[in-house]
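To start, the structure itself, in structure tokens.
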Amino acid sequence: MKTWNMPTKISLTLLLLGGLLFTSCKKESSSSAKEEAEVMESTASDSEADMTYDEVFNTTMGIGAEANGEELGITAGTGVFARIENGQITGRVDSTQRCFTVTVTPMDRGVFPKTVVINFGNGCLGRDGKLRKGKIITVYTGPMRVPGSKATTTFDGFKVDSVAVEGTHQVENNSTSSNLSFTTRVINGKLTWDSGRWVKWTTTRTVTQVEGNGTPFYPLDDIFTITGAGRGENSRGASWAHEIIEPL
């Protein structure tokens, strides 16, 4: 039987403890680096989805009266309808300068619901430098400036550059006589790149004007709050969820 003297036992104990501490530190460092990478991956995917569906909002809310004689959106001249000069939106692009078509059914003024199809065909290079294909299809229950109106958008073979866009996008006017408010939802959203990479995204966001309602022609005093929640996952194995606890 092998015997140990006390100094040797102490030295061995310290060595073992040191090894355990070193291993523990390596594991914690590795775990921390992995978590940080996952957070960065999730943040990047969430941002990609947010920007893509925000552009859908700008387009569906940017349709003006040129299509059927009445305004359907709330910010005519945004999204693909915007005229861009020197990187700035300067108004609404003329219909003769567009490479996409807009079809409204029915054409009768004041008759709802209306279905609007924005068709980019097999390829339409926008003034923002993005190549779009396919269709954006939106059903409006009423003019979006009218409280209670809703716009529901789906996609038919729609792509922006190399990214296919799927899911359902909704905008609802929740405004009251004293507060301007809109809720945007993305239901089962999915972005798929030509490489096979994908991001799935579902979110709800409500923007409410809490100050400046009495001065509609003076935007500098406008103050808004934002509430909402969302979740997502991507093809690289990352998943995430977020919720705005305190209104922004």
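Residue numbers (numbering that gives the first Met the number 0): 0 to 247.
Glycine included, C-beta positions come from ideal geometry on N, C-alpha and C.
These numbers come from a predicted model, not from an experiment.
- If you look at G211, you'll find it isn't in any beta strand (DSSP E); DSSP assigns it neither H nor E.
- Note on geometry: alpha-carbon atoms of M143 and V38 lie some 36 angstroms from one another.
- A contact between stretches requires three or more CB pairs, one per stretch, nearer than 8 angstroms, and the region 126-142 meets this requirement with the region 151-162.
- Contact between the region 189-196 and the region 163-173 is present: 3 or more CB-CB pairs across the two stretches fall below 8 angstroms.
- Approximately 6 angstroms separates the beta-carbon atoms of I225 and I243; this is inside 8 angstroms, confirming the contact.
- Ranked by Cα distance from I117, the options R97, R108, R126 and F111 are led by R97.
- Rounded to whole angstroms, the gap between the alpha carbons of D127 and H168 is 22 angstroms.
- Ranked by how close their Cα comes to the Cα of R108, the residues V198, R204, A64 and F80 have A64 in first place.
- In this structure P105 is not in contact with T140, their Cβ atoms being roughly 14 angstroms apart against a cut-off of 8 angstroms.
- For G195, no beta strand (DSSP E) run applies, since DSSP gives it neither H nor E.
- Per DSSP, V79 lies in no beta strand (DSSP E) segment and is marked neither H nor E.
- The C-alpha of N121 lies about 11 angstroms from the C-alpha of V159.
- Pairing V170 with Y52 gives a Cβ-Cβ distance that is not under 8 angstroms.
- E242 carries a strand assignment under DSSP once its states are collapsed to helix, strand and coil.
- Take L124, set aside five residues on each side of it, and the residues of its chain with a beta-carbon closer than 6 angstroms to its own are L130, in chain order.
- Sixteen is the threshold: since fewer than 16 other Cβ atoms of the shown chains lie within 10 Å of the Cβ of T114, the residue is exposed.
- Between G147 and N178, the C-beta spacing is not below 8 angstroms.
- Distance from the Cα of W200 is smallest, within the candidate group A237, F181, S174 and T102, for A237.
- The Cβ-Cβ distance between T205 and F223 does not fall below 8 angstroms.
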